[in-house]
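For the sequence shown, position 217 matches number 217 in full-length UniProt numbering, and the numbering has no gaps at all. Even glycine gets a Cβ: it sits at the ideal position worked out from N, Cα and C.
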Amino acid sequence: MGGSSLWSPVFPYSTHAQRSVSSAMSELAADDQPAFIINLGDNFYMNGVKNINDERFQKTFEDVYEEKTLGVPWFSIPGNHDYHGNIQAEIDYTNRSTRWTFPGKNANEPWYKIRYEFGAKKLKTTISLDFLMIDTVQLCGMTEDVVGDRIINWVFSESRNSNPHTPIPDKESFAGQQKDWIIGELNKYISSPSSATYVFVAGHYPIYSVGRHGSFYECLKDLDLKMKEAKISAYLSGHDHNLQHLIVENDNKILNYIVSGAGAATDRSQHHWDEFSKNEGAKVLVQLKDFTFS
Numbered sequence: 001m002g003g004s005s006l007w008s009p010v011f012p013y014s015t016h017a018q019r020s021v022s023s024a025m026s027e028l029a030a031d032d033q034p035a036f037i038i039n040l041g042d043n044f045y046m047n048g049v050k051n052i053n054d055e056r057f058q059k060t061f062e063d064v065y066e067e068k069t070l071g072v073p074w075f076s077i078p079g080n081h082d083y084h085g086n087i088q089a090e091i092d093y094t095n096r097s098t099r100w101t102f103p104g105k106n107a108n109e110p111w112y113k114i115r116y117e118f119g120a121k122k123l124k125t126t127i128s129l130d131f132l133m134i135d136t137v138q139l140c141g142m143t144e145d146v147v148g149d150r151i152i153n154w155v156f157s158e159s160r161n162s163n164p165h166t167p168i169p170d171k172e173s174f175a176g177q178q179k180d181w182i183i184g185e186l187n188k189y190i191s192s193p194s195s196a197t198y199v200f201v202a203g204h205y206p207i208y209s210v211g212r213h214g215s216f217y218e219c220l221k222d223l224d225l226k227m228k229e230a231k232i233s234a235y236l237s238g239h240d241h242n243l244q245h246l247i248v249e250n251d252n253k254i255l256n257y258i259v260s261g262a263g264a265a266t267d268r269s270q271h272h273w274d275e276f277s278k279n280e281g282a283k284v285l286v287q288l289k290d291f292t293f294s
């Protein structure tokens, strides 16, 4: 999930939609009993958290997802709104929470890898899941919808829908390190396809999206090509506030893309539908879902 606290910080530091999502998640978790949850960034709107003692951790996260069925690790990555706050605080809070889990090395190197294994009795084998948790904001820069540290800067921005394609200037060297790490990890699956049963890459910005913000393909093109070569299972992202399942085929290489950024609010926009549907040299299947809550 992503976009977990839209339009805060204003009392009560969460939205009706977010609390409804939490309730639905709790009901599903009671039946499915997930081992963990993937949190796809924009964790604290509009401007992240100030420090490890920020009350937003309690009011926007702990108090909202308090049901026992959701008492599993929430593996998190940063979104562009989190970068207006303190990324290191989000990493450090891991040591204070039984659920919030952001095991990045530090704010400059927030990427990490998850491996989960479970036994499949009927198949008499072990299923392994690998998740590469990456920081696409570091790779691609900040979007112009959050220039400045006040909501009014966002409201009156004339280019809110612009997609950046370059790293954050003071993070460029770390962006290079992250790219090397990602490529190195993906090369392992190319040289040894059986090293994991399923492989997922999770980043905040979508490579493809028909929603309001649109695709970040130009920035993440090299990553996309390498993921197809590695035959990963899917790329997971947030940023646009809806649910999309996109299947893109280029040169007989297919990849699934999931956009799930409606953790606190939904957006029905299909602003980038036309340009996506005209993607040259690609076969495209798009499913776009929007949820409303009562």
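Alpha carbon to alpha carbon, how far is residue i from residue j?
| i | j | result |
| --- | --- | --- |
| S128 | Y198 | 6 Å |
| Y208 | Y257 | 7 Å |
| R115 | P193 | 15 Å |
| K113 | K221 | 21 Å |
| S191 | S23 | 43 Å |
| T252 | A29 | According to the sequence displayed, residue 252 carries Asn and not Thr. When rounded, the distance between both Cα atoms is 37 Å. |
| C205 | V259 | Looking at the sequence itself, residue 205 is Tyr, so the reference to Cys does not match. Between Y205 and V259, the C-alpha separation is close to 9 Å. |
| T98 | V64 | 14 Å |
| G211 | D240 | 6 Å |
| Q177 | L132 | 15 Å |
| S173 | N242 | 33 Å |
| H16 | Y45 | 15 Å |
| D130 | Y235 | 12 Å |
| D31 | K179 | 38 Å |
| G214 | K121 | 42 Å |
| V21 | H84 | 25 Å |
| R19 | N53 | 22 Å |
| W181 | L123 | 33 Å |
As a quick exercise: from the options, pick the residue whose alpha carbon is nearest that of residue i.
| i | options | result |
| --- | --- | --- |
| N43 | L70, S76, E66 and V72 | S76 |
| E62 | R96, L40, P110 and F131 | R96 |
| K171 | L243, V64, A202 and P110 | P110 |
| T143 | D82, K226 and N250 | D82 |
| K226 | L186, Q18 and Q178 | L186 |
| K231 | Q244, L246, V21 and L255 | L255 |
| E229 | W181, P78, G214 and Y189 | Y189 |
| G79 | E117, L246, L123 and G141 | G141 |
| I183 | P167, A196 and D224 | D224 |
| F216 | P167, S173 and D180 | P167 |
| A175 | Q138, Y235 and H245 | Q138 |
| F195 | H84, E117, D32 and D31 | The amino acid occupying residue 195 in the given sequence is Ser; Phe does not appear at that position. Ranking H84, E117, D32 and D31 by Cα distance to S195 puts E117 first. |
If I measure Cβ to Cβ from residue i and keep anything under 8 Å in the same chain, skipping five residues before and after, which residues do I get?
| i | result |
| --- | --- |
| Y13 | S5, E55, R56, K59 and T60 |
| S237 | G2, L40, T136, A202, G203, H204, Y205, P206, I207, S209, Y257, I258, V259, S260 and G261 |
Spatial neighbours of residue i within its chain, please: C-beta separation below 6 Å, excluding the five flanking residues on both sides.
| i | result |
| --- | --- |
| S233 | Y198, V199 and F200 |
| G119 | T126 |
Give every residue of the same chain whose Cβ lies closer than 7 Å to the Cβ of residue i, excluding the five residues on either side of it in the sequence, and list them in chain order.
| i | result |
| --- | --- |
| S26 | E67, T69 and L70 |
| N86 | G48, V49, K50 and N51 |
| E125 | Per the sequence shown, residue 125 should be read as Thr rather than Glu. No residues qualify anywhere along the chain. |
| A107 | I87, Q88 and I91 |
| field | Segment contact, 8 Å Cβ cut-off, at least three pairs: the segment 100-110 with the segment 74-92 | value | A contact is defined here as three or more CB-CB pairs under 8 Å, and the segment 100-110 meets this definition with respect to the segment 74-92.
| Are there three or more Cβ pairs, one per stretch, closer than 8 Å when the segment 34-53 is compared with the segment 63-82? | With a cut-off of 8 Å, the segment 63-82 and the segment 34-53 count as touching, because enough Cβ pairs lie within range.
| If you scan the segment 1-76 from start to end, which runs of the beta strand (DSSP E) of 3 or more residues do you find wholly inside it? | The beta strand (DSSP E) runs of length 3 or more contained entirely in the segment 1-76 are, from start to end of the chain, 37-39 and 74-76.
| field | Length-filtered (3 minimum) beta strand (DSSP E) runs lying within the segment 101-137 | value | Within the segment 101-137, the runs of beta strand (DSSP E) at least 3 residues long that lie entirely inside it are, in chain order, 112-120 and 125-133.
| said: Could you tell me which whole alpha helix (DSSP H) segments of length 4 or greater appear in the segment 161-246? | reply: Runs of the alpha helix (DSSP H) lying entirely within the segment 161-246 and spanning at least 4 residues, in chain order: 172-191 and 217-230.
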